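Student:
Number of protein chains: 2
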Amino acid sequence: MVSKTCEYAIRAMIFIAQKSKKESITGMNEIADKIGSPKYFIAKVLQDLVRKELLQSLKGPTGGFYIAKEQLGCSLADIVKAVDGNKLFSGCGLGLKTCSETKPCPIHNKFIIVRKDIYNMLQEAKIGEFSKNLEKNLTFLKRK
Amino acid sequence: MVSKTCEYAIRAMIFIAQKSKKESITGMNEIADKIGSPKYFIAKVLQDLVRKELLQSLKGPTGGFYIAKEQLGCSLADIVKAVDGNKLFSGCGLGLKTCSETKPCPIHNKFIIVRKDIYNMLQEAKIGEFSKNLEKNLTFLKRK
DNA sequence: TGAATAGAAGATATAAAACTCCTTTAATAA
DNA sequence: TTATTAAAGGAGTTTTATATCTTCTATTCA
Numbered sequence: 001m002v003s004k005t006c007e008y009a010i011r012a013m014i015f016i017a018q019k020s021k022k023e024s025i026t027g028m029n030e031i032a033d034k035i036g037s038p039k040y041f042i043a044k045v046l047q048d049l050v051r052k053e054l055l056q057s058l059k060g061p062t063g064g065f066y067i068a069k070e071q072l073g074c075s076l077a078d079i080v081k082a083v084d085g086n087k088l089f090s091g092c093g094l095g096l097k098t099c100s101e102t103k104p105c106p107i108h109n110k111f112i113i114v115r116k117d118i119y120n121m122l123q124e125a126k127i128g129e130f131s132k133n134l135e136k137n138l139t140f141l142k143r144k
Numbered sequence: 145m146v147s148k149t150c151e152y153a154i155r156a157m158i159f160i161a162q163k164s165k166k167e168s169i170t171g172m173n174e175i176a177d178k179i180g181s182p183k184y185f186i187a188k189v190l191q192d193l194v195r196k197e198l199l200q201s202l203k204g205p206t207g208g209f210y211i212a213k214e215q216l217g218c219s220l221a222d223i224v225k226a227v228d229g230n231k232l233f234s235g236c237g238l239g240l241k242t243c244s245e246t247k248p249c250p251i252h253n254k255f256i257i258v259r260k261d262i263y264n265m266l267q268e269a270k271i272g273e274f275s276k277n278l279e280k281n282l283t284f285l286k287r288k
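For the protein sequence lines, the chains are A and B, in the order given. With the working numbering applied, the first sequence has no gaps in its numbers, which climb one by one up to 144 at the end. With the working numbering applied, the second sequence has no gaps in its numbers, which climb one by one up to 288 at the end.
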């Protein structure tokens with residue numbers, strides 16, 4: 001569905017959002033540890049998301065990553081777009097470059113319906129909305 | 145969504161189904177040409193699907209691939225399972241191995257809904273049903 | 001039977017994704 | 001203002017997915 005890199009990115013963003021609500025900034029060591037991802041790898045991914053303005057970072061001691069209040073409205077769809085590009089939302093289900101309304105592949109019409117469902121689901125899911133369930137231990141971000 | 149290999153497989157199966165309805169058997173050269181895939185690569189993929197009994201093959205001159213009548217009910221979901229395995233249908237949306245009803249990831253509940261939609265769409269799409277639109281040139285299987 | 005055809009199988013090559021390391025830059029705090 | 005800390009940036013490695021090539025085997029038909 002989405003790349004492994006993108007899965008890490010979403011988990012990291014949800015975790016950072018939770019920490020950011022408590023006014024705290026989080027280093028990549030803690031992020032990697034809490035979401036169960038390779039440390040240097042997630043750092044790269046997050047640096048890229050900083051450039052794309054989905055979150056903030058700060059260098060130096062007490063530095064790390066955080067999400068500003070106005071960025072808590074960032075949706076999972078925004079993260080997927082930033083990491084994987086638009087292929088999940090705009091590509092053909094059979095990988096045909098020329099597939100379109102006027103020249104559709106056999107599953108085109110069925111496919112655009114479920115793709116729209118996926119998009120809506122990801123678009124409606126805002127990065128700030130997951131904190132409560134995480135704090136209550138109703139949901140989890142790590143493998144084991 | 146599905147791997148490139150799986151996209152080739154679906155396109156090939158739909159094409160072979162169409163040919164098979166006319167009692168004809170199709171060689172890998174023609175298949176690769178008509179769906180726009182690498183020749184040796186699609187051969188491999190189809191050989192694997194023969195082993196998994198989604199289609200038939202015959203060696204020698206006049207040999208090739210074909211789909212028996214009772215196999216025309218094969219769904220796109222069957223092909224996806226055979227090629228990509230079950231990860232699209234059963235994996236966690238965030239890649240967490242331990243994600244489940246009792247220990248869900250933050251997007252678990254939203255995700256299982258759209259995943260069910262995807263599964264239903266693919267399960268209801270049978271390999272034999274696309275021939276009519278292909279013959280009428282209402283749908284297409286090739287890039288250019 | 002034997003030449004020709006076409007899939008089967010194994011080995012190899014290339015490309016993309018995932019991951020790591022090392023150096024540089026910026027911020028902090030002593 | 002200097003030592004320290006943590007992200008940024010660049011470059012490299014490993015792994016997995018995709019694609020190709022070659023040899024082998026089964027089948028057909030003259």
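Note that CB positions come from ideal geometry on N, CA and C, so glycine has one too. Being a predicted model, the structure only gives us computed values, none of them experimental.
Look up B:T170 in the DSSP assignment and give the residues it is bridged to.
Tutor: Beta-bridge pairing links B:T170 to B:F209.
Student: Let's see if you can read the secondary structure: which residues bound the alpha helix (DSSP H) around A:S131?
Tutor: From DSSP, the alpha helix (DSSP H) with A:S131 extends over S131 to E135.
Student: Alpha carbon to alpha carbon, how far is A:E124 from A:M13? Give it in angstroms, no decimals.
Tutor: Looking at the two C-alpha atoms, the distance is approximately 16 angstroms.
Student: Please report the straight-line C-alpha distance between B:K247 and A:N137, rounded to a whole angstrom.
Tutor: Each residue's Cα considered, the two are about 9 angstroms apart.
Student: I need the straight-line Cα distance from B:F185 to B:D261, nearest angstrom please.
Tutor: Their backbone Cα atoms lie some 30 angstroms apart in a straight line.
Student: Beta-carbon of A:P104 versus every beta-carbon of chain B: anything under 7 angstroms?
Tutor: At least one chain B Cβ lies under 7 angstroms of A:P104.
Student: Within its chain, find whatever has a CB closer than 7 angstroms to the CB of B:A221; leave out the 5 residues flanking it on each side and keep chain order.
Tutor: Y263, L266 and Q267, listed in sequence order.
Student: Which residues in chain A have a C-beta closer than 7 angstroms to the C-beta of B:I262? List them in chain order.
Tutor: Residues of chain A passing the Cβ test: V114.
Student: Run through DSSP, which three-state label would B:L232 get?
Tutor: Helix, per DSSP.
Student: Of all Cβ atoms in chain B, is any one closer than 7 angstroms to the Cβ of A:L54?
Tutor: No, no contact with chain B.
Student: Here's the rule I'm using: 16 or more other beta-carbon atoms within 10 Å means buried, otherwise exposed. How should B:I257 be labelled?
Tutor: Flag for B:I257 reads exposed.
Student: Across the stretch 184-203 of chain B and the stretch 229-236 of chain B, are there enough close Cβ pairs to call them in contact, namely three or more that are closer than 8 angstroms?
Tutor: With the cut-off at 8 angstroms, the stretch 184-203 of chain B and the stretch 229-236 of chain B do not touch.
Student: Identify the contact partners of A:N86 in chain B, using a Cβ-Cβ distance below 8 angstroms as the criterion.
Tutor: The contacting residues do not exist; A:N86 stays about 13 angstroms from chain B at best.
Student: A:T139 touches chain B at which residues, Cβ-Cβ below 8 angstroms?
Tutor: The answer, in chain order, is P248, C249, P250 and H252.
Student: Rounded to a whole number of angstroms, what is the C-alpha to C-alpha distance between A:E70 and B:G217?
Tutor: If you take the alpha carbons of A:E70 and B:G217, they lie about 51 angstroms apart.
Student: Mind pulling the chain B residues with CB within less than 7 angstroms of A:R11?
Tutor: What A:R11 touches in chain B: L238.
Student: DSSP state of B:L202, grouped into three classes?
Tutor: Strand.
Student: Can you tell me where the alpha helix (DSSP H) holding B:V189 begins and where it ends?
Tutor: Segment K183 to R195, the alpha helix (DSSP H) holding B:V189.
Student: Rounded to whole angstroms, what is the Cα-Cα separation between A:K44 and B:I169?
Tutor: Distance between the alpha carbons of A:K44 and B:I169 is about 51 angstroms.
Student: Quick one: is B:T283 buried, meaning 16 or more other Cβ sit within 10 Å of its Cβ, or exposed?
Tutor: The residue is buried, with at least 16 neighbouring Cβ atoms inside 10 Å.
Student: Is there a Cβ from chain A that is less than 7 angstroms from the Cβ of B:F274?
Tutor: Cβ-Cβ to chain A under 7 angstroms: yes for B:F274.
Student: In the DSSP assignment, find the alpha helix (DSSP H) that holds B:C150 and state where it starts and stops.
Tutor: Segment K148 to K165, the alpha helix (DSSP H) holding B:C150.
Student: Grab the span of the alpha helix (DSSP H) containing B:E268 for me, first residue to last.
Tutor: It spans H252 to E268 - the alpha helix (DSSP H) in which B:E268 sits, taken as one unbroken run.
Student: Once the 5 residues before and after B:V146 are set aside, which same chain residues still bring their CB inside 6 angstroms of it?
Tutor: So the qualifying residues of the chain are V224 and D228.
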